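Okay, so here's the structure we're looking at.
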């Protein structure tokens with residue numbers, strides 16, 4: 123089950139270096155030596171006025187484009203793209219992909235906004251880039267981290283639940299020490315392998331804030347009465363509501379909010395066209411000294427979902443991917459020659475385009491017993507003709523088998539995909555017979571203990587058309603072995619509500635989100651440590667609530683998954699993390715907790731012919747590639763010479 127707020131795609135190319143036995147140093151890209159840990163109190167540095175001329179930091183991130191077979195570009199121009207609703211402007215903060223640390227195209231973790239990270243056990247020392255400034259010219263310093271930690275994450279009015287979960291090790295928060303204006307340390311008593319991957323996530327957790335911009339509305343700095351007065355003047359309930367409205371580095375609806383991202387919003391909602399301008403304080407430059415991003419402006423036009431393909435086909439977008447899908451490829455290909463764009467086809471890195479989640483914690487005792495029987499899960503898997511699904515839904519281009527990681531990952535082993543995932547209806551029938559499900563009604567449907575028909579209600583959120591099409595085919599496959607399938611599409615929020623109440627018997631949804639992992643990425647999605655997992659929602663609720671809600675897991679094989687997840691969190695040894703990943707994946711293949719079908723859809727990524735440095739092929743996903751984010755759209759530029767050549771002809 124997807125754990126992200128994005129459900130239409132996945133990401134990027136792979137993968138240099140050794141097998142997953144790569145050293146921690148290689149994986150963290152030389153994030154190096156340890157600084158001496160002092161226990162000095164945390165100072166609060168005074169704000170510094172902005173300088174007059176925006177410019178990159180004095181120690182910028184120098185991008186070697188030639189080393190990645192890309193061209194050094196020239197600045198200027200506008201990229202047009204389309205969005206289905208105004209709120210979708212927020213996805214620029216996803217695929218713009220500016221992070222403290224981030225993955226490169228080969229999924230190696232590298233410093234980005236940070237100049238360096240020094241890791242020693244549970245101590246992470248961040249060094250900022252000297253001379254780095256927010257988009258409004260104010261210095262970006264450790265005061266912005268201190269403000270987040272003390273005045274946002276640990277301020278009940280703004281963060282009722284306190285700091286995010288990746289800050290907690292066995293419930294304990296780190297010691298946070300500001301060492302000087304460019305150095306800050308987060309220290310735990312034990313390793314915290316969740317920390318850096320969380321900072322590289324598709325949705326940036328933003329563990330810093332523009333302190334100079336937000337302090338004038340914070341109760342701690344101007345007093346609660348004055349802060350509430352400012353909020354009420356804008357018809358807001360409290361100073362916290364005003365602070366949240368102004369604090370807008372993700373949603374990108376507030377042009378006044380300073381940012382560190384490549385483009386700065388210049389349009390305030392409501393609007394049908396949104397304009398973003400190049401951040402002239404951005405921290406990346408090429409080897410020729412040209413500041414990135416190359417492109418001056420990004421324009422997002424709002425169009426209805428049903429018109430996104432037609433408008434792209436008509437040449438109304440220079441860069442387009444979100445809102446497009448595999449069935450749109452023929453239409454997109456038709457417009458290429460006339461409107462001078464190319465439709466690149468990027469493999470989608472998802473465990474399965476559609477998967478079935480038997481609910482092992484459903485409240486119905488008969489279905490609970492059935493779903494927990496591995497013979498039953500294997501029978502349902504073996505009764506699916508994945509070849510027909512592949513040919514019908516993915517033009518025969520997909521990969522058939524379990525819901526697991528893709529072969530681009532160094533953690534992949536073929537058995538993870540194939541075990542218990544062939545098409546063998548005869549063996550499926552034998553397994554169901556061996557369970558005692560031999561009785562049938564007049565229509566040939568098997569009978570459950572007690573006489574009910576073996577009639578599985580498969581619920582879905584109804585938002586992914588491919589899932590519903592797949593269920594129509596699976597209905598026919600299962601009928602052959604005496605199992606009746608009834609589809610129940612509904613609104614996503616209602617489905618989640620029913621799931622965590624234990625009311626679902628089986629759910630159809632997209633498969634594994636993190637399907638191209640490296641060992642340092644958390645395997646949370648493979649166990650009840652994943653919140654609201656459709657296969658075991660009450661166990662997930664129990665883990666999430668620390669035993670206050672839901673039910674404790676009582677199946678030994680799933681208890682093993684939870685133990686392995688805990689072991690992963692206890693170590694920063696990459697070799698051990700890789701072994702844990704592989705054991706968890708093989709546990710899934712042997713037990714078929716989730717019934718996978720077909721993976722390997724193709725994501726259309728449309729780019730104008732003259733738009734340079736957009737890869738022809740890369741992996742597409744939500745995590746870890748932030749859609750196209752790890753491909754660094756700040757490196758795209760317009761080939762003006764192409765127009766000159768065309769005119770000469």
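In this note's numbering, the protein residues as written are 123 to 771.
Every residue gets a Cβ at the ideal spot worked out from N, C-alpha and C, and that includes glycine.
Small disclaimer: the values here were computed from a predicted structure and weren't measured.
Q. Rounded to the nearest angstrom, how far is the Cβ of residue 382 from that of residue 215, given a contact under 8 Å?
A. No, residue 382 and residue 215 are not in contact; Cβ-Cβ is about 11 Å, not under 8 Å.
Q: May I have the straight-line CA-CA distance separating residue 520 from residue 489, to the nearest angstrom?
A: Take the alpha-carbon of residue 520 and the one of residue 489: they are about 32 Å apart.
**Q.** N-terminal and C-terminal residue of the beta strand (DSSP E) that residue 740 is part of
**A.** No beta strand (DSSP E) contains residue 740, which DSSP labels as neither H nor E.
**Q.** Which listed residue (301, 561, 674 and 728) has its alpha carbon closest to that of residue 464
**A.** Just measuring C-alpha positions, the residue of 301, 561, 674 and 728 sitting nearest residue 464 is 728.
Q) Any idea which residues DSSP pairs residue 611 with across the strands? A) 582, per the DSSP bridge assignment.
Q: Would you mind working out which of 217, 185, 226 and 186 sits nearest residue 640, comparing C-alpha positions?
A: Measuring from the Cα of residue 640, the nearest candidate turns out to be 226.
Q) Does the beta-carbon distance from residue 264 to residue 280 come in below 8 Å? A) The Cβ atoms of residue 264 and residue 280 do not sit closer than 8 Å to each other.
Q) Taking the alpha carbon of residue 260 as the point to measure from, which residue in 642, 363, 448 and 331 has its own alpha carbon closest? A) Nearest option by C-alpha distance: 331.
Q.
So, with DSSP's three-state summary, where would you put residue 247?
A. It is a strand residue.
Q: Verify whether the separation of the beta carbon atoms of residue 308 and residue 246 is less than 8 Å.
A: Contact annotation: residue 308 and residue 246 have beta-carbon atoms nearer than 8 Å.
(Q) Tell me the residue span of the alpha helix (DSSP H) that contains residue 452. (A) Note, residue 452: alpha helix (DSSP H), 451 to 456.
Q. So what's residue 236 in DSSP terms, helix, strand or just coil?
A. Reduced to three states, the DSSP call for residue 236 is strand.
Q: Could you tell me the distance, in whole angstroms, from the CA atom of residue 319 to the CA atom of residue 635?
A: A direct Cα-Cα distance of roughly 15 Å separates residue 319 from residue 635.
Q: Under 8 Å by Cβ, that's how I've got residue 530 and residue 431 pegged, so tell me the actual separation to the nearest angstrom.
A: In fact, because the Cβ distance is near 27 Å, the residues do not count as touching under 8 Å.
Q) If you check the beta carbons only, do residue 650 and residue 684 fall under 8 Å apart? A) The criterion of a C-beta distance shorter than 8 Å is satisfied by residue 650 and residue 684.
Q) Any idea if residue 348 is buried or exposed, counting beta-carbon neighbours within 10 angstroms, 16 or more meaning buried? A) Exposed, because fewer than 16 other Cβ atoms sit within 10 Å of the Cβ of residue 348.
Q: In angstroms with no decimal places, state the Cα-to-Cα distance between residue 407 and residue 181.
A: Cα-Cα distance, rounded: 10 Å.
(Q) Run through the DSSP bridge pairs and tell me what residue 305 is partnered with. (A) Its beta-bridge partners are 249 and 302.
Q.
For a minimum of 4 consecutive residues, which ranges assigned as the alpha helix (DSSP H) are wholly contained in the stretch 455 to 506?
A. Taking only runs of at least 4 residues, the alpha helix (DSSP H) segments lying wholly in the stretch 455 to 506 are 458 to 461, 487 to 493 and 496 to 504.
Q. Helix or strand or just coil, what does DSSP make of residue 336?
A. Collapsing the DSSP output to three states places residue 336 in a helix.
**Q.** Cβ neighbour criterion (16 or more within 10 Å) applied to residue 556
**A.** Burial is judged here by how many other beta carbons sit within 10 angstroms of a residue's own beta carbon; residue 556 has fewer than 16 and is exposed.
Q.
Short of 7 Å in beta carbon distance, which residues of its chain neighbour residue 510, apart from the five on each side in sequence? Order them along the chain.
A. The residues are 595.
Q. Under three-state DSSP, which class holds residue 151?
A. Residue confidence for residue 151 is low, a pLDDT of 37 falling below 50, so the modelled location carries little weight; the figure read from the coordinates is stated next. Under the three-state reduction of DSSP, residue 151 is assigned to coil, being neither helix nor strand.
Q | CB-CB length for residue 498 against residue 504, believed under 8 Å | A | Actually they are not in contact, since the Cβ atoms of residue 498 and residue 504 sit about 11 Å apart, beyond 8 Å.
Q) Closest to residue 754 by CA distance: which of 294, 613, 385 and 462 is it? A) Residue 754 has its Cα closest to that of 385, out of 294, 613, 385 and 462.
**Q.** Alpha carbon of residue 274 to alpha carbon of residue 268, nearest angstrom
**A.** Spanning the two alpha carbons is a distance of roughly 9 Å.
Q: Just tell me which of 369, 412, 367 and 425 has its CA closest to the CA of residue 394.
A: Residue 394 has its Cα closest to that of 425, out of 369, 412, 367 and 425.
Q. Going straight from the alpha carbon of residue 357 to that of residue 479, what length do you get?
A. Those two C-alpha atoms are separated by around 45 Å.
Q: Buried or exposed for residue 178, please, with buried defined as at least 16 other CB atoms from any protein chain shown within 10 angstroms of its CB.
A: So residue 178 counts as buried.
Q. Would you report the Cα separation of residue 203 and residue 429, rounded to the nearest angstrom?
A. Rounded to whole angstroms, residue 203 to residue 429 spans 13 Å at the Cα level.
Q. Relative to the alpha-carbon of residue 713, which residue among 262, 423 and 526 has its alpha-carbon at the smallest distance?
A. Here the closest residue by C-alpha is 526.
Q. For the beta strand (DSSP E) that contains residue 385, what are its first and last residues?
A. That run of the beta strand (DSSP E) goes 385 to 387.
Q | Integer Cβ distance of residue 603 from residue 551, believed to fall under 8 Å | A | A Cβ-Cβ distance of about 5 Å is found for the pair residue 603 and residue 551, placing them in contact under the 8 Å criterion.
Q | Supposed close pair residue 239, residue 223 - CB separation, criterion 8 Å | A | Right, the Cβ-Cβ distance comes to about 6 Å (below 8 Å), so this counts as a contact.
**Q.** C-alpha distance - residue 601 paired with residue 699, whole-angstrom precision
**A.** Those two C-alpha atoms are separated by around 42 Å.
Q: Find the nearest neighbour of residue 403 within the set 397, 412 and 396, judged by alpha-carbon distance.
A: Each of 397, 412 and 396 was checked against the Cα of residue 403, and the nearest Cα belongs to 412.
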